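Please read the structure below before turning to the comments.
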Amino acid sequence: MNFNLTKEQEMIRKMVREFSEKELKPIAAEIDAEARFPWESIKKMGKLGIMGMTVPKEYGGSGMDKISYAITLEEIARVCGSTALTVEAHNTLGVGHIYEKGTEEQRRKYVPPAAKGEKIVAWALTEPGAGSDAGATQTKAVLNGNEWVLNGTKVFITSGHIAETAVVMASTDKSKGVKGISAFIVEKGTPGFSYGSQEDKLGLRGTVTSELVFENCRIPKGNLIGKEGFGFIGAMEILDRGRMAIGALAVGLAQGALDESVKYSKEREQFGKPIAKFQAIQWMIADMATEIDASRLLVYRAAYLEQQGKKFSKEASMAKLYASETATRTALRAIQIHGGYGYTKDYPVERMLRDAKLCEIGEGTSEIQRMIIARLLLGL
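Counting in our numbering, the sequence shown runs from 2 upward without gaps.
Listed below in structure tokens is the structure:
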């Protein structure tokens, strides 16, 4: 078993870390406070190939391996969780679904501009009554001649308002349950496609989270992704990839909180010496570092299995479950180490805590991950 990263992976880590420290860290607090989408950063990352990391070069992407992708998300999240989530949702869910499940014509049309960061792709699964129970989708799609007519509402959609393209799950045959759910490509500006509320969130405020509304929205017949009735199956496969990616994002948030804690504990003095000298602080930092390393290894294992084309649903759920809960615990400890200062916006650890909590909810709650892991182990 080889735990060493390749030279290329080390180079990617170095490149993304330098970019993140220079371009993302200085504005992270600002975009959080203003709930502002950082278009300037997204365009720069597009030029670096970060907005299409796992897409082959022939489609405008970077053609990187899955571990390199996990490393990238970790390094971005280490300084800015909001930007990391935008990159993750775009790459893994939106672009990933079209590339993995779309036709060659769909790939050629939608993937290159998205992989270059010129356009953002959103992924619309969740509904007001279909969150953890995604199979309860109420959005409908009816074939009318050469067009599909969509009606319904999607909620909590990352990048919803600013995306040029959305991958939308809708029921094409209610009698078949989840086997009657299909996936569609809907472009911004299509008549009948509008935006509802934009969420005012606890954390990850530098991302856009929107409601998408479809009222007799007509799209070409060719905008169906894959076969009719295979949308839910495809979505679940995409979510496996997303869970690994959210795990990587959580590792980055946790690592950022640890880095800040180590730095602060060496600088802050009480009772005539740095608080790093106190055993209580040392034990918290030791626990934080151990749990982060364990999380990182779980993420890398899931990424490796995905890269090898092997089944990794259980491993992806384990990585997301443990890493996301580690991120929250680590951020809480970081605030404790910072004391009263940690509770203020003068230090980034309070933002890291707010950002980390979403990792336990998005792309399947911790409770859903435990269900998945248990069912796969028990063969249920």
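Quick reminder that beta carbons are idealized off the backbone N, C-alpha and C, glycines included.
What you are looking at is a predicted structure, and each value in this text was computed from that prediction instead of being measured.
message: For the alpha helix (DSSP H) containing R206, name the first residue and the last one.
response: Residue numbering aside, residue 206 sits at position 205 when the sequence shown is read from its first letter. In the DSSP annotation of this structure, R206 is not part of any alpha helix (DSSP H), being labelled neither H nor E.
message: How far does the beta strand (DSSP E) with T154 in it extend, from its first residue to its last?
response: The residue given as residue 154 occupies position 153 in the sequence shown. According to the DSSP assignment, T154 belongs to the beta strand (DSSP E) that extends over 148-159.
- request: Keeping to the same chain, check which residues put their C-beta closer than 6 Å to that of L151; ignore five residues upstream and five downstream.
  value: Position 150 of the sequence shown holds residue 151. Apart from the 5 residues on each side of it in sequence, L151 sits with its Cβ closer than 6 Å to the Cβ of A142, A171, F215, C218 in its chain, given in chain order.
- prompt: Thinking C-alpha only, which one of I77, T87, E101 is nearest G235?
  reply: What you label residue 235 is simply residue 234 of the sequence shown in a count that begins at 1. When the alpha-carbon of G235 is set against those of I77, T87, E101, the nearest one is in E101.
First through last residue of the beta strand (DSSP E) which encompasses I186: Numbered from its first residue, the sequence shown carries residue 186 at position 185. DSSP places I186 in the uninterrupted beta strand (DSSP E) bounded by 182-188.
- prompt: Which residue's Cα is closest to the Cα of A317: A332, Y305, P275?
  reply: To locate residue 317, count along the sequence shown from 1; it is residue 316. The option with the nearest alpha carbon to A317 is Y305.
query: In the structure shown, what three-state DSSP assignment does V80 receive?
result: Working through the sequence shown from its first residue, we reach residue 80 at position 79. Three-state result, V80: coil.
- request: Keeping to the same chain, check which residues put their C-beta closer than 6 Å to that of A328; ignore five residues upstream and five downstream.
  value: Numbered from 1 along the sequence shown, position 327 holds the residue referred to as residue 328. So the list reads A251, L254, A255, A357, C360, once near-sequence residues are dropped.
query: Distance, Cα to Cα, A36 vs R206?
result: Within the sequence shown, residue 36 is the residue found at index 35, counting from 1. Within the sequence shown, residue 206 is the residue found at index 205, counting from 1. So the alpha carbons of these two residues sit roughly 5 Å apart.
message: On a Cα-Cα basis, can you pick out the residue from K202, S21, K311, S183 that is closest to D241?
response: For the purposes of this step, residue 241 is taken as residue 240 along the sequence shown, with counting starting at 1. Nearest of K202, S21, K311, S183 to D241, Cα basis: K311.
- request: Go ahead and label A281 buried or exposed: buried means 16 or more other beta carbons lie within 10 angstroms of its beta carbon, across all protein chains shown.
  value: Taking the first residue of the sequence shown as 1, we reach residue 281 at position 280. Per the 10 Å Cβ criterion, exposed.
- prompt: P27: which of A115, K315, V80, A164 sits nearest, CA to CA?
  reply: Within the sequence shown, residue 27 is the residue found at index 26, counting from 1. The option with the nearest alpha carbon to P27 is V80.
- prompt: Do you know offhand how far Y342's Cα is from A258's?
  reply: Within the sequence shown, the letter at position 341 stands for residue 342. Within the sequence shown, the letter at position 257 stands for residue 258. Rounded to whole angstroms, Y342 to A258 spans 14 Å at the Cα level.
message: Here's a check: name, in chain order, each residue in its chain whose Cβ is nearer than 8 Å to the Cβ of Y348, leaving out the five neighbours to either side.
response: As a working note, residue 348 is residue 347 in the sequence shown. Correct list, in chain order: E261, Y265, H339, Y342.
- prompt: Is G365 near I239, with beta carbons less than 7 Å apart?
  reply: Within the sequence shown, residue 365 is the residue found at index 364, counting from 1. Within the sequence shown, residue 239 is the residue found at index 238, counting from 1. Not a contact, by the Cβ cut-off of 7 Å.
Continuous beta strand (DSSP E) stretch holding T191: start and end: If you number the sequence shown from 1, residue 191 lands on position 190. Where T191 is concerned, there is no enclosing beta strand (DSSP E), given that its DSSP letter is neither H nor E.
message: Using a Cβ distance threshold of 8 Å, determine whether the stretch 126-138 contacts the stretch 65-81, with at least three qualifying pairs required.
response: Segments in contact, no.
- request: Leaving aside the five residues before and after P275 along the sequence, list all residues of the same chain whose C-beta is less than 6 Å from its C-beta, in chain order.
  value: If you number the sequence shown from 1, residue 275 lands on position 274. Close CB contacts of P275 within its chain, under the 6 Å cut and outside five residues either way in sequence, are with K267 (chain order).
query: Would you call the stretch 44-58 and the stretch 281-290 in contact, with 3 or more CB pairs under 8 Å?
result: They do not touch, by the three-pair rule.
query: Nearest to F233 by alpha carbon, out of I72, A332, Q139?
result: Along the sequence shown, one-based indexing puts residue 233 at 232. Measuring from the Cα of F233, the nearest candidate turns out to be Q139.
- prompt: How many angstroms separate the CA atom of F4 from the CA atom of K45?
  reply: In the sequence shown, counting from the first residue as 1, residue 4 sits at position 3. In the sequence shown, counting from the first residue as 1, residue 45 sits at position 44. Their backbone Cα atoms lie some 31 Å apart in a straight line.
query: Ends of the beta strand (DSSP E) at S172?
result: Walking along the sequence shown from the start, residue 172 turns up at place 171. It spans 166-172 - the beta strand (DSSP E) in which S172 sits, taken as one unbroken run.
Simplified DSSP assignment, three categories, for L126: For the purposes of this step, residue 126 is taken as residue 125 along the sequence shown, with counting starting at 1. Coil at L126, not helix or strand.
- request: On a CA-only basis, which of D33, V179, K222, G153 is nearest R355? Give me that one, please.
  value: Mapped onto the sequence shown, residue 355 falls at position 354. Per the Cα distances, D33.
task: Check whether the Cβ atoms of I99 and W149 sit closer than 7 Å, and answer yes or no.
output: Your numbering for residue 99 matches position 98 in the sequence shown. Your numbering for residue 149 matches position 148 in the sequence shown. Contact: no.
K117 to E89 span [Cα, whole Å]: The count along the sequence shown starts at 1 and reaches residue 117 at position 116. The count along the sequence shown starts at 1 and reaches residue 89 at position 88. Whole-angstrom Cα-Cα distance: 14 Å.
Residue environment, R383, which counts as buried when at least 16 other CB atoms sit within 10 Å: No statement about residue 383 is possible, as the shown extent of the chain runs from 2 to 381 and does not include it.
field: Residue closest to A30, alpha-carbon to alpha-carbon, out of V350, T73, L379
entry: Position 29 of the sequence shown, counted from the first residue, corresponds to residue 30. With respect to the C-alpha of A30, the residue from V350, T73, L379 having the closest C-alpha is V350.
- request: Please check the pair L322 and S367, which I expect to be a contact at CB under 8 Å, by giving their CB distance rounded to whole angstroms.
  value: Position 321 of the sequence shown, counted from the start, is the residue given in the question as residue 322. Position 366 of the sequence shown, counted from the start, is the residue given in the question as residue 367. Right, their Cβ atoms sit about 6 Å apart.
- prompt: Should V122 and T159 be called a contact, given that it needs their Cβ atoms to be closer than 7 Å?
  reply: One-based indexing of the sequence shown puts residue 122 at position 121. One-based indexing of the sequence shown puts residue 159 at position 158. In this structure, T159 does not lie closer than 7 Å to V122 by Cβ.
query: In its own chain, which residues sit with a C-beta less than 6 Å from the C-beta of V179, not counting the 5 before and 5 after it?
result: The residue given as residue 179 occupies position 178 in the sequence shown. For V179, where only same-chain residues beyond five positions count, the Cβ hits under 6 Å are G136, F233.
message: Could you check whether V300 and G248 sit closer than 7 Å to each other, using their CB atoms as the reference points?
response: Taking the sequence shown and counting its residues from 1, the one referred to as residue 248 is at position 247. Taking the sequence shown and counting its residues from 1, the one referred to as residue 300 is at position 299. A contact, by the Cβ cut-off of 7 Å.
- request: Quick one: measure Cβ to Cβ for T73 and I43, integer angstroms, because I've assumed they're closer than 8 Å.
  value: Residue mapping note: residue 73 aligns to position 72 of the sequence shown, counting from 1. Residue mapping note: residue 43 aligns to position 42 of the sequence shown, counting from 1. Actually they are not in contact, since the Cβ atoms of T73 and I43 sit about 14 Å apart, beyond 8 Å.
- prompt: For P27, which three-state DSSP category applies?
  reply: As a working note, residue 27 is residue 26 in the sequence shown. Three-state result, P27: helix.
query: Over what stretch of residues does the alpha helix (DSSP H) that includes V143 continue unbroken?
result: Residue mapping note: residue 143 aligns to position 142 of the sequence shown, counting from 1. From DSSP, V143 is part of no alpha helix (DSSP H) but of the beta strand (DSSP E) over 141-145.
- prompt: Taking just the CA atoms, how far does V209 sit from L144?
  reply: Numbered from its first residue, the sequence shown carries residue 144 at position 143. Numbered from its first residue, the sequence shown carries residue 209 at position 208. Between L144 and V209, the C-alpha separation is close to 31 Å.
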